[in-house]
Amino acid sequence: MIKFFLMVNKQGQTRLSKYYEHVDINKRTLLETEVIKSCLSRSNEQCSFIEYKDFKLIYRQYAALFIVVGVNDTENEMAIYEFIHNFVEVLDEYFSRVSELDVSFFNTVFHGTWQAHSSPYQVLVLALEDDPTSV
Amino acid sequence: MLYQDLQSTNLVEVCMALTVVSQIFPREMIPAVLPLIEDKLQHSKEIIRRKAVLALYKFHLIAPNQVQHIHIKFRKALCDRDVGVMAASLHIYLRMIKENSSGYKDLTGSFVTILKQVVGGKLPVDFNYHSVPAPWLQIQLLRILGLLGKDDQRTSELMYDVLDESLRRAELNHNVTYAILFECVHTVYSIYPKSELLEKAAKCIGKFVLSPKINLKYLGLKALTYVIQQDPTLALQHQMTIIECLDHPDPIIKRETLELLYRITNAQNVTVIVQKMLEYLHQSKEEYVIVNLVGKIAELAEKYAPDNAWFIQTMNAVFSVGGDVMHPDIPNNFLRLLAEGFDDETEDQQLRLYAVQSYLTLLDMENVFYPQRFLQVMSWVLGEYSYLLDKETPAEVIAKLYKLLMNDSVSSETKTWLIAAVTKLTPQAHSSDTVERLIHEFTISLDTCMRQHAFELKHLHENVELMKSLLPVDRSCEDLAVDASLSFLDGFVAEGLSQGAAPYKPHHQRQEEKLSQEKVLNFEPYGLSFSSSGFTGRQSPAGISLGSDISGNSAETGLKETNSLKLEGIKKLWGKEGYLPKKESKTGDESGALPIPQESIMENVDQAITKKDQSQVLTQSKEEKEKQLLASSLFVGLGSESTVNLLGKADTVSHKFRRKSKVKEAKSGETTSTHNMTCSSFSSLSNVAYEDDYYLNTLHDRGDKELKTFSLNSELLDSESLTELPLVEKFSNCSLSTPSLFADNSMEIFHPPQSTAASVAKESSLASPFLEETTEYIHSNAMEICNNETISVSSYKIWKDDCLLMVWSVTNKSGLELKSANLEIFPVENFKVTEQPGCCLPVTEAESTRSFQYSVQIEKPFTEEILSGFISYHMMDTHSAQLEFSVNLSLLDFIRPLKISSEDFGKLWLSFANDVKQNVKMSESQAALPSALKTLQQKLRLHIIEIIGNEGLLACQLLPSIPCLLHCRVYADVLALWFRSSCSTLPDYLLYQCQKVMEGS
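Residue numbers (the numbering used here), protein chains in the order written: chain Z, 1 to 135; chain V, 10001 to 11001.
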């Protein structure tokens, strides 16, 4: 089960965050800084999964942007890892070469357009429904 | 607004409304929109249907009761022609199946078909991700199948094909296929096992673990952790990789490896594994990791501690590192353990003494800060058990505690613990200045709690006699009689009530009432939702009235709760399994002998490698050897077949043994054949040989499976000595002639002198089938159990493979006919007795015998029980009589060898929870393992599975089918027995029998 979905850059600025479980607003900032800190501390040779408190973080880095997904321990890490990539592929198609700016400026778009119907989107919709509360 | 949108004809509006519903929706409002959303399930547009399903899923999550009635509609969604709708419905099913898998078994077929179609690429290309068809959908389906097939052979059988196909299809080298494979492996190991699939899954895990990609390695370790309990051999295969991962630079991998090791910990490898865990613990700083790991170490230490010193030291490390963040259960359990002790009193005292000594040395160190919890544990232990010390007087201990008390870094909670300890020690200290100084200092303390304790101590100190009776030595776990209902206050309460005081209400009740008064107002505007929320809402009026009913007699219930709390809090972590104190009674021998098994394993390793590639051994770096040493110590206890699998090839030791046995066989074969030759010259049978003939016949009947009457057994085996040859000759000769005897059915010739056989044989032709049956099995000698002037009853036991057959033969001694003789068994407690269709003559003629056969099963294990009954009969002159009898049955009558392979042994071993360990001293005659095992085999009917070095594996079963496994190991003249069984009491009884046998011979 996915608990949260974050897009944070190397400077620690959150570009997109979506929580599927209630977390207090002030606790969110704390969590996000801690999460990005632990992601930054990892090298390329280390695996993309981090055990953080009682849940797991799965992260992928695209240029200076980290996408981090928090899941509970029943989740299949590799599936989420690929799901992140799928998500990025969809963004790439939508914005035709997506960049961090796109993400930060078109925040609203994200919540509205995840249900388009061309080929990669269809997959994404299915993938997102992995945790259907996200749709 | 939302309501309007849902009813709108505009697709986008409906879509948005449904999205909102699935994201943010109060539970109270569900009934209002539920019918509308249900309608949407039939909508012509698939996106609406899908969103409706998801909205219902959300409802199911927050209020499962309210969507119960539409479960049938989910089935329709599952069969929807649109993949999206179907996929959405899977979420609901995954959830519901997780809660109750039995209710959805009928859907297995549908899920299998769907998965088959997905895997087969029947979905539109749109759903492909990097040319893998709908990977996340596959994962979802695999999870559902795993839940459905759990412990259910029939359901599992339905999915074997599709799982096989999934494993086969997912061969593409892409991350997402690995994700599917991982899920597949998970499912294969969750459902009812099928060997082919397990093999393939194991291969997959191997691929993961050996992959250079770090993420895959992680997945592999995770999968290993999951399957390790079912298949420990898999860990052995990958042991070198696991060792490497243990030193991996990535702490996450390290931690996953420790998690894996935690699952395979046993008494033999516990020290190494705990040491590794502690190393990791010292490096990590994150609180969550520490709490988690400390808990695990404490658990392992309690379960498998090899000796006192190690246990205390490990716990010291746990306390000093875990400190104040760890779960409070850990120190509590530890103290309970010390206080309650085990069966062996001297052992307990040693443990306590060791703890006290180690704490005193820890406290002696300067400038070391211990966590508060650790100090609390120390002060409790010192307070309770300082009396065990010889050298230090209580006064000295008090001085140390006093020093701590004056330390500013100690919290006030810990200080109260310290004062309590001092209070306990004061009566033993006779007179102590420190105590007085302490009283003086703390009676003026600003902390009220401290001050109270100090005053208590002060007053007690003034009355030493009272103090001694109040604080007796070593009584920590005896219950104090406390009037928990505070009945002595009843009069006071009654008086108060009669004067018009309101009855006492506990805090929670007052609060509840207050809340409900507030809530009533809030409920009014939502008339619609009120009725429905009444079911689940906590503040429903019904709930309150119930609550106040319960707490009507408030004082009493409150106290009752505390009473029950006391009991619930007690967790019996320290059962018979795990840490066994008796083991340490021979600590000396053991510690000396312990390295031996490891060495022997190392020898095996070396030997195997020599065979494989000698040059490799030469070039083998020192580091590698270290790793192998580590491996052998880590995986030492993983089933005793470990040595075999560890090396991946047959071990030399067992080979030796096998060869030996073959030689034996060949020898005996030789002897018999020569005997046969010589025997053929014998033309007639001597009467003396009849008895032997009988035995040998039975022997031949069963082939060389199990040798029966034990005395004979040993004779035959050892028949290499020439003196015994003539006897054996006779045997074989007789055996040659028996078939003809049976063919003739001439019972007069076949006339075993033993009374049982005789009585049976007397029964002439009718009895002959019965006789044949009995001869197939071992039986005891007949014993006369009761008699009178007319009849005599003798009985004997026949140890059949599947039951114990009791035969009573009733001989009519009188010259008259007996009518309707009847045998009844009562009481039948502990036994299950069924009559066998035997020969039942309505009339027993004069001077003849008839027998009754009963098969006996036992209900629960015992050492010895009496089976009693009576025989009633009528004489010719209608005069009826009764004769009572009883027979002793021992547990051994119901023990049969269990023939399984070493591999099955390993699997069973891990699946059994009840174990018992004990060291038994062997007499000199059987100092070697094989002879000791032979004794067990003969006397207890255990089956020897394998002997590996100085370890032996045996198995037996208690009829009807309770297996029990035994693992033996020899050190010097001590035989360490380790029983495991699915039955909790059986190991204890068997152990007793073993001890009897080993000491008796």
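Idealized CB from N, CA, C, for every residue including glycine.
As the structure is a prediction and not an experimental result, all values here were calculated from the model.
Checklist entry - Looking at the C-beta of S48/Z, does it have a partner C-beta in chain V at a distance below 8 Å? => result yes
Next on the checklist: Quick check on D10161/V - is its C-beta less than 8 Å from some C-beta in chain Z?
Outcome noted: no
Checklist entry - Which residues share a DSSP beta bridge with F4/Z? => result Y19/Z, G70/Z
Item to check | Whole-Å CB distance - V10020/V paired with V10053/V, under 8 Å assumed | outcome: In fact, because the Cβ distance is near 16 Å, the residues do not count as touching under 8 Å.
Next on the checklist: Pull the bridge partners of I10871/V from the DSSP assignment, please.
Outcome noted: L10823/V, L10883/V
Item to check | DSSP-derived helix/strand/coil call for Y10370/V | outcome: The answer is coil: DSSP assigns Y10370/V none of H, G, I, E or B.
Checklist entry - From this set, L10167/V, N10010/V, I10030/V, which residue's C-alpha is nearest I10047/V's C-alpha? => result N10010/V
Checklist entry - Hey, quick one: how far does the beta strand (DSSP E) through R158/Z stretch, first residue to last? => result Limits of chain Z in this structure are 1 at one end and 135 at the other, which puts residue 158/Z out of reach.
Checklist entry - Is P10133/V helix, strand or coil by DSSP? => result DSSP places P10133/V in strand when its eight states are reduced to three.
Item to check | Chain-order list of residues whose beta-carbon lies under 7 Å from that of G12/Z (same chain, five-residue window excluded) | outcome: If you ignore the 5 residues before and after G12/Z, its C-beta comes within less than 7 Å of the C-beta of T33, I36, all in its own chain and listed in chain order.
Next on the checklist: Please report the straight-line C-alpha distance between Y10387/V and H10779/V, rounded to a whole angstrom.
Outcome noted: 59 Å
Checklist entry - Just curious, the alpha helix (DSSP H) that S10089/V is in, first and last residue? => result Under the DSSP assignment, S10089/V falls in the alpha helix (DSSP H) whose first and last residues are 10083–10099.
Next on the checklist: Is the beta carbon of E10259/V closer than 8 Å to that of T10225/V?
Outcome noted: yes
Checklist entry - Relative to the C-alpha of A10087/V, which residue among K10045/V, R10027/V, Q10140/V is closest? => result Considering only alpha carbons, the answer is Q10140/V.
Checklist entry - In three-state DSSP terms, what is A10309/V? => result helix
Checklist entry - Would DSSP call A10235/V helix, strand or coil? => result helix
Next on the checklist: Tell me which residues of the stretch 69–98 of chain Z have at least one Cβ-Cβ distance to chain V shorter than 9 Å, keeping chain order.
Outcome noted: T74, N76, E77, M78, A79, I80, Y81, E82, F83, H85, N86, E89
Next on the checklist: Please list, in chain order, the residues of the stretch 10209–10229 of chain V that have any C-beta partner in chain Z closer than 9 Å.
Outcome noted: For the stretch 10209–10229 of chain V, residues whose beta-carbon sits nearer than 9 Å to a beta-carbon of chain Z comprise K10213, I10214, N10215, L10216, K10217, Y10218, L10219, K10222.
Checklist entry - In whole angstroms, what is the alpha-carbon distance linking D10390/V and V10356/V? => result 11 Å
Checklist entry - Are any of the Cβ atoms in chain Z nearer than 8 Å to that of R10095/V? => result no
Checklist entry - Rounded to the nearest angstrom, how far is the Cβ of R10980/V from that of N10914/V, given a contact under 8 Å? => result 7 Å
Checklist entry - For V10325/V, does the three-state DSSP call read helix, strand or coil? => result coil
Item to check | Contact with chain Z by D10005/V, beta-carbon distance below 8 Å | outcome: no
Item to check | Cutoff 7 Å; reference D10447/V; Cβ partners in own chain excluding five residues on either side | outcome: The beta carbon of D10447/V sits closer than 7 Å to the beta carbons of S10412 from its chain, once the five residues preceding and following it are set aside; these are given in chain order.
Checklist entry - Is the Cβ-Cβ distance between K10800/V and D10893/V less than 8 Å? => result In this structure, D10893/V does not lie closer than 8 Å to K10800/V by Cβ.
Checklist entry - When the distance is taken between beta carbons, is Q61/Z closer than 8 Å to I10214/V? => result no
Item to check | Amino acids of chain V, ordered along the chain, whose beta-carbon sits closer than 7 Å to that of K53/Z | outcome: Around K53/Z, the beta-carbon contacts reaching into chain V at under 7 Å are Y10288.
Checklist entry - Taking I10419/V as the reference, which of S10982/V, L10959/V, M10096/V, S10379/V has the closest Cα? => result S10379/V
Checklist entry - Would you call the stretch 16–27 of chain Z and the stretch 10176–10191 of chain V touching, i.e. three or more CB-CB distances under 8 Å? => result no
Next on the checklist: Taking the alpha carbon of I10825/V as the reference point, which residue from E10859/V, T10434/V, S10872/V, R10255/V has its own alpha carbon closest?
Outcome noted: Between I10825/V and the set E10859/V, T10434/V, S10872/V, R10255/V, the nearest pair of CA atoms involves S10872/V.
Item to check | Residue range of the unbroken beta strand (DSSP E) whose run includes N10787/V | outcome: Judged by DSSP secondary structure, N10787/V falls within the beta strand (DSSP E) whose first and last residues are 10783–10787.
Checklist entry - Between K53/Z and D73/Z, which are expected to be in contact by the criterion C-beta below 8 Å, what is the C-beta distance as a whole number of angstroms? => result K53/Z to D73/Z, Cβ: 11 Å. No contact.
Item to check | Interface partners of E184/Z on chain V, CB under 9 Å | outcome: Here chain Z covers residues 1 to 135 and nothing more, so residue 184/Z does not appear.
Next on the checklist: Rounded to whole angstroms, what is the Cα-Cα separation between V10118/V and A10932/V?
Outcome noted: 60 Å
Item to check | Contact set for S10683/V: own chain, Cβ-Cβ below 8 Å, skip 5 residues either direction | outcome: Caution is warranted here: a pLDDT of 38 is assigned to S10683/V, below 50, making its placement in the model unreliable, and the coordinate value is therefore given only provisionally. So the list is empty, once near-sequence residues are dropped.
Checklist entry - Under the DSSP definition of a beta bridge, which residues are partnered with P10026/V? => result Bridge partners of P10026/V: none, in fact.
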